[in-house]
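Student: Sharing a structure, written as structure tokens. Questions coming.
In this note's numbering, the protein residues as written are 574 to 653.
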């Protein structure tokens, strides 16, 4: 099982979009400063996730979240 996810910084209120095979572990990595981009912006909280059968599907969904259409989708659903 793979996941596409959206995190929000509790400090800066910015969002981070990603994909992973282990969601719980990945959130811990973000909050422990193991990810360069999120290191100085934490702590992070999970605001949304979707599960997929393949890594490719999860990655495509991450790219969608990063697009204008994806941004609009997340806004319409009151996720961000």
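C-beta atoms are modelled at their ideal positions from N, C-alpha and C, and glycine is treated no differently.
On a predicted model such as this, the values are computed, not experimentally measured, just so you know.
What do you get for residue 634, buried or exposed, if any count of 16 or more other CB atoms within 10 angstroms of its CB means buried?
Tutor: The sequence position of residue 634 within the chain shown is 61, counting from 1. The residue is buried, with at least 16 neighbouring Cβ atoms inside 10 Å.
Student: Mind checking who residue 593 pairs with in its DSSP beta bridge?
Tutor: Locating residue 593 in the chain shown gives position 20, counting from the first residue. Residue 593 is bridged to 576.
Student: So what does DSSP say about residue 645, is it helix, strand or coil?
Tutor: Numbered from 1 along the chain shown, position 72 holds the residue referred to as residue 645. Residue 645 falls in the helix class under three-state DSSP.
Student: Assuming residue 576 and residue 631 are in contact, meaning their beta carbons sit under 8 Å apart, how far apart are those beta carbons, in whole angstroms?
Tutor: In the chain shown, residue 576 corresponds to position 3, counting from 1. In the chain shown, residue 631 corresponds to position 58, counting from 1. Contact flag correct, Cβ pair sits at about 6 Å.
Student: For residue 636, is the classification buried or exposed, using 16 other Cβ atoms within 10 angstroms of its Cβ as the cut-off for buried?
Tutor: Sequence index remark: in the chain shown, residue 636 carries index 63 (1-based). Exposed.
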